[in-house]
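One structure is given below, encoded as structure tokens.
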């Protein structure tokens, strides 16, 4: 059983300790522990941009090849992506 | 819920308390940061199950304790080298008598187990039953650790206690 004197001493020490508290974590600790993640809209925009770039690149190459074919630069029609086969070009009249 | 957001939420909710708990056990801010980092990295790797979400506080507390005491078991030279000497305590209010260093030295003289009980009791308001549950000892042991800790603090702060009594 604690005496009144002991209780008084304890209360004084506790009060003295409570005038302080353990130091708070540094402000940048959260960023180091849980790295920030880009928001979803950023990922969606990046994906859309990538798809657009690929699509445009494919379309440009197709236009260039078609132009070359029309101008008769010696590019075989069959080399066009999705272009006609020899049979289609010759209309099957080769035989 | 994605792992990342769950971990971020857990940090926002419990990070500061866990850091303070770790700091009071290891007595070093850099080590307390490392401890928290380790615990959360492990959490991210494991992912968060539904059970873990329910038991977040208890799980994290236990993980932090384990990491702290595991660090304390390492060889002394490694621990001394890691000591950064930054203050452990900060004023809890604006008008505080500047005796932080004296209190820090007194706390530093306690064994980590006693310092932990003082922290949980004084700063976190845990009951002895809660402390016993968290630290895996009996209520009597938890209460004895607190008693011994206060006796040692009283002995160390003896002179200053008189001043405190006068100024309070």
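Residue numbers (the working numbering), protein chains in the order written: chain A, 32 to 126; chain B, 2 to 169.
The C-beta atom is built at its ideal place from N, Cα and C for all residues, glycine as well.
* Mind checking if residue 102 of chain A is an interface residue toward chain B, Cβ cutoff 8 Å exclusive? -> No, no contact with chain B.
* Along chain B, in chain order, which residues have C-beta atoms closer than 7 Å to that of residue 45 of chain A? -> Residues of chain B passing the Cβ test: 123.
* To do: Express the C-alpha separation of residue 25 of chain B and residue 42 of chain A in angstroms, rounding to a whole number.
  => In this structure, the alpha-carbon of residue 42 of chain A lies about 20 Å from that of residue 25 of chain B.
* What are the residues that DSSP puts in a beta bridge with residue 91 of chain B? -> BP columns for residue 91 of chain B point to A/52.
* Asked: Exposed or buried, what is residue 101 of chain A when buried is set at 16 or more other beta-carbons lying within 10 Å of its beta-carbon?
  -> Residue 101 of chain A comes out exposed.
* residue 64 of chain B versus residue 11 of chain B: straight-line alpha-carbon distance, rounded -> Between residue 64 of chain B and residue 11 of chain B, the C-alpha separation is close to 13 Å.
* The alpha helix (DSSP H) enclosing residue 74 of chain B, as first and last residue numbers -> Per DSSP, residue 74 of chain B belongs to no alpha helix (DSSP H) and is neither H nor E.
* To do: Taking 8 Å as the cut-off, decide whether the C-beta atoms of residue 140 of chain B and residue 118 of chain B are in contact.
  => Going by C-beta atoms, residue 140 of chain B is not nearer than 8 Å to residue 118 of chain B.
* Asked: Measuring CB to CB, does residue 104 of chain B end up less than 8 Å from residue 51 of chain A?
  -> Judged by beta-carbon spacing, residue 51 of chain A lies within the 8 Å limit of residue 104 of chain B, meaning their Cβ atoms are closer than that value.
* Assuming residue 115 of chain B and residue 149 of chain B form a contact by the criterion Cβ under 8 Å, report the distance between their Cβ atoms to the nearest whole angstrom. => Taking a contact as a CB-CB distance under 8 Å, the pair residue 115 of chain B and residue 149 of chain B counts as one, their CB atoms being some 6 Å apart.
* For a contact meaning CB atoms closer than 8 Å, what does residue 94 of chain B contact in chain A? -> Contact annotation for residue 94 of chain B against chain A: 50 [CB-CB distance below 8 Å, chain order].
* Alpha carbon to alpha carbon, what distance is there between residue 45 of chain B and residue 87 of chain A? -> Roughly 39 Å separates the two Cα atoms.
* Asked: Does the beta carbon of residue 36 of chain B fall short of 7 Å from some heavy atom of the ligand GDP?
  -> In the structure shown, the ligand GDP is absent, as is every other ligand, since no ligand is present at all.
* **C-beta atoms of residue 68 of chain B and residue 36 of chain B nearer than 8 Å** => Residue 36 of chain B sits close to residue 68 of chain B, with the two beta carbons spaced by under 8 Å.
* **Euclidean distance between Cα positions of residue 51 of chain B and residue 91 of chain A** => In this prediction, residue 51 of chain B scores a pLDDT of 48, lower than 50, which makes its location untrustworthy; the coordinate-derived value is nonetheless stated afterwards. In a straight line, the C-alpha of residue 51 of chain B is about 51 Å away from that of residue 91 of chain A.
* residue 57 of chain B versus B/125, B/154, B/8, residue with shortest Cα-Cα distance -> That would be B/8, whose Cα lies nearest to the Cα of residue 57 of chain B.
* **Neighbour flag for residue 77 of chain A against chain B, beta carbons, 8 Å** => With a threshold of 8 Å between beta carbons, residue 77 of chain A makes no contact with chain B.
* To do: Kindly indicate if chain B contains any beta-carbon less than 8 Å away from that of residue 62 of chain A.
  => By the rule that beta-carbons nearer than 8 Å mark a contact, residue 62 of chain A does not touch chain B.
* Where residue 71 of chain B and residue 70 of chain A are concerned, what is the direct C-alpha to C-alpha distance, given to the nearest angstrom? -> Computed Cα separation, rounded: 37 Å.
* Determine the chain B residues that contact residue 56 of chain A at a beta-carbon separation under 9 Å, and present them in chain order. => Here the neighbours are 16, 17, 19, 20, 21, 24, 30, 33, 34, 37.
* Asked: With 8 Å set as the bound, which would you pick, yes or no: does the beta-carbon of residue 70 of chain A sit closer than that to a beta-carbon of chain B?
  -> So no, residue 70 of chain A is outside the interface.
* Asked: With 8 Å set as the bound, which would you pick, yes or no: does the beta-carbon of residue 154 of chain B sit closer than that to a beta-carbon of chain A?
  -> Using beta-carbon distances, residue 154 of chain B counts as an interface residue toward chain A, with a partner under 8 Å.
* residue 61 of chain B and residue 15 of chain B: beta carbons closer than 8 Å? -> Against a cut-off of 8 Å, the Cβ pair of residue 15 of chain B and residue 61 of chain B comes out as a contact.
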